[in-house]
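**Q**
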Amino acid sequence: MKVTITLNDIQEFFPEIQRKTGCDYQSIASEKILKFPEKLGKGHIHNLHLRNGIELYFQNLHLEEDLIIQANTKYSSLGLGFCISGNLGAEVVGSKIDLSVTAGRNLLLHSNAYKTIMEIPARQNLFLVEMSIDLKIIQSLVEDEYERLSPVLRSVISGKDSGLHSWSGITNPAMEIALHQIINCPYKDLTKKLYLESKTLELISLKLAELTDSKTESKIYKKLRADEIERIYFARDVLISNLENPPSLLSLAQAVGLNDHKLKLGFRQVFGTTAFGYLHQYKMERSRFLLESGLMNVTEVASAVGYSNFSHFTAAFKRKFGIKPSALKSR
3 MKVTITLNDI QEFFPEIQRK TGCDYQSIAS EKILKFPEKL GKGHIHNLHL
53 RNGIELYFQN LHLEEDLIIQ ANTKYSSLGL GFCISGNLGA EVVGSKIDLS
103 VTAGRNLLLH SNAYKTIMEI PARQNLFLVE MSIDLKIIQS LVEDEYERLS
153 PVLRSVISGK DSGLHSWSGI TNPAMEIALH QIINCPYKDL TKKLYLESKT
203 LELISLKLAE LTDSKTESKI YKKLRADEIE RIYFARDVLI SNLENPPSLL
253 SLAQAVGLND HKLKLGFRQV FGTTAFGYLH QYKMERSRFL LESGLMNVTE
303 VASAVGYSNF SHFTAAFKRK FGIKPSALKS R
């Protein structure tokens, strides 16, 4: 069975979804939360208004029935969505443009007016982080790099092109780290808003930098099949799940069903670095987050990210961030 909801204006998303599904809807200050009823499944959709022109959304859902949302969208902003897990099917009515996203991928989108059909499949853990940023903010953000953007992107950002445009891509390590920091934001109140705003702008900057560098998906995937890309993401997950005792490259390749040469080549193409370069970067960013959040002391953090030698952890952290972990903890 499928549940279908039609919205005349996506801006009325929260109250309309509440009215048509019986979701628990809360609106407090700059935050809106929809909590889905048991008859549909479980999970929530959370919106944070960071400041005029910047909106941040979290969709964390596990539904019992397929949910189809038909909506008209009208706004002059760039939308950027990251799929953390699961998949979301979406298409633009009257066009061949596919707006679907799957885990590990992202989508940048712009149009002044269009109608979409979105389908959230049942019995999956769907986790999306999405943001909407006003074009005027984007203009100030890319001022120094404006001429390096593609002609289409320049036209969109300047407001001269109101057509529908989308740019799909892989979520690279720098983006994943910023997403991790957003999802696990350790702050509250005003500090929380400022922190999330800075990370939201960081993500849009990283996406625009990717497009500025003219990296196309066809170049990235030229030597990789779809199943090989899935195996490389699986290899990434295996590494992160074994921080204290990561497998050798050969063992990792065997675990995910690739030869070591294909794994090395694919990891660099998909994530822009080597497998263990990615692991090191993840360890450092994870340790910084744990120290900033106050969840652990420095010794506990070192152990949590896989360092048995405390001095080795301290040296690696200082090389990465320029200060000792104890200094960051005290600060």
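So the sequence shown is numbered by my numbering: it starts at 3 and just counts up by one.
In this text, a Cβ means the ideal position worked out from N, Cα and C, and glycines have one as well.
Return the CA-CA distance between LYS22 and LEU9, expressed in angstroms with no decimal places.
**A** So the two alpha carbons sit approximately 10 Å from each other.
**Q** Between the region 264-279 and the region 140-157, are three or more C-beta pairs nearer than 8 Å?
**A** Touching, no.
**Q** Rounded to the nearest angstrom, what separates TYR148 and THR214 at their Cα positions?
**A** In a straight line, the C-alpha of TYR148 is about 9 Å away from that of THR214.
**Q** Can you name the start and end residues of the beta strand (DSSP E) that VAL94 belongs to?
**A** Segment 89-94, the beta strand (DSSP E) holding VAL94.
**Q** Classify GLN28 as helix, strand or coil using the three-state DSSP reduction.
**A** DSSP places GLN28 in strand when its eight states are reduced to three.
**Q** Taking the alpha-carbon positions, what's the PHE269 to LEU260 distance?
**A** Their Cα atoms are separated by approximately 11 Å.
**Q** In whole angstroms, what is the alpha-carbon distance linking ALA65 and THR75?
**A** Note on residue identity: the sequence assigns Leu, not Ala, to residue 65. Those two C-alpha atoms are separated by around 24 Å.
**Q** Thinking LEU205 and ALA228 are a contact (beta carbons under 8 Å), I'd like their distance in whole angstroms, please.
**A** Contact flag wrong, Cβ pair sits at about 25 Å.
**Q** Using alpha carbons as the reference points, say which of SER32, ALA211, ASP163, THR202 lies closest to ASN114.
**A** Per the Cα distances, ASP163.
**Q** Within 10 angstroms of its Cβ, does HIS112 collect 16 or more other Cβ (buried), or is it exposed?
**A** So HIS112 ends up on the buried side.
**Q** Measuring straight from C-alpha to C-alpha, what distance separates ASP26 and GLU132?
**A** Approximately 21 Å between the Cα atoms of the pair.
**Q** Is it buried or exposed for ARG288, if we count other Cβ within 10 angstroms and need 16 for buried?
**A** ARG288 is buried by the Cβ-count criterion.
**Q** If you draw a straight line from the alpha carbon of LEU130 to that of LEU330, how long is it in whole angstroms?
**A** So the two alpha carbons sit approximately 30 Å from each other.
**Q** Pull up the distance between the alpha-carbon of TYR189 and that of LEU109, whole angstroms please.
**A** Looking at the two C-alpha atoms, the distance is approximately 27 Å.
**Q** Please classify GLU246: is it buried, with 16 or more other beta-carbons within 10 angstroms of its beta-carbon, or exposed?
**A** Exposed: under 16 other Cβ atoms inside 10 Å.
**Q** With C-beta atoms as the reference, is ILE19 less than 8 Å away from GLN72?
**A** No; because the gap between Cβ atoms is not below 8 Å, this pair is not in contact.
**Q** Select from LYS117, LYS322, THR301 the residue whose C-alpha is nearest the C-alpha of PHE312.
**A** Per the Cα distances, THR301.
**Q** Take ALA176 and list the residues in its own chain whose beta-carbon comes closer than 6 Å to its own, dropping the five residues that flank it on each side.
**A** Around ALA176: LEU208.
**Q** List the residues that DSSP assigns as beta-bridge partners of ILE99.
**A** Bridge partners of ILE99: none, in fact.
**Q** Under 7 Å Cβ to Cβ from ALA257, same chain only, skipping five residues before and after it: list those, please.
**A** Around ALA257: VAL240, PRO249.
**Q** From GLU199 to TYR59, what does the alpha carbon distance come to, in whole angstroms?
**A** If you take the alpha carbons of GLU199 and TYR59, they lie about 12 Å apart.
**Q** Around the Cβ of LYS221, are there at least 16 other Cβ atoms within 10 angstroms (buried) or fewer (exposed)?
**A** Note on LYS221: pLDDT 41, under 50, position unreliable in the model; the coordinate value appears next. Burial call: exposed.
**Q** What alpha helix (DSSP H) runs, 4 residues minimum, are completely inside the region 113-177?
**A** With a minimum length of 4 residues, the continuous alpha helix (DSSP H) runs that stay inside the region 113-177 are 137-143, 153-160.
**Q** Between the C-alpha atoms of PHE16 and PRO39, what's the straight-line distance to the nearest angstrom?
**A** If I take the Cα positions, the gap works out to 14 Å.
**Q** Return the chain-ordered list of same chain residues with a C-beta closer than 7 Å to the C-beta of CYS187, the five sequence neighbours on each side being excluded.
**A** Around CYS187: LYS194, TYR197, LEU198.
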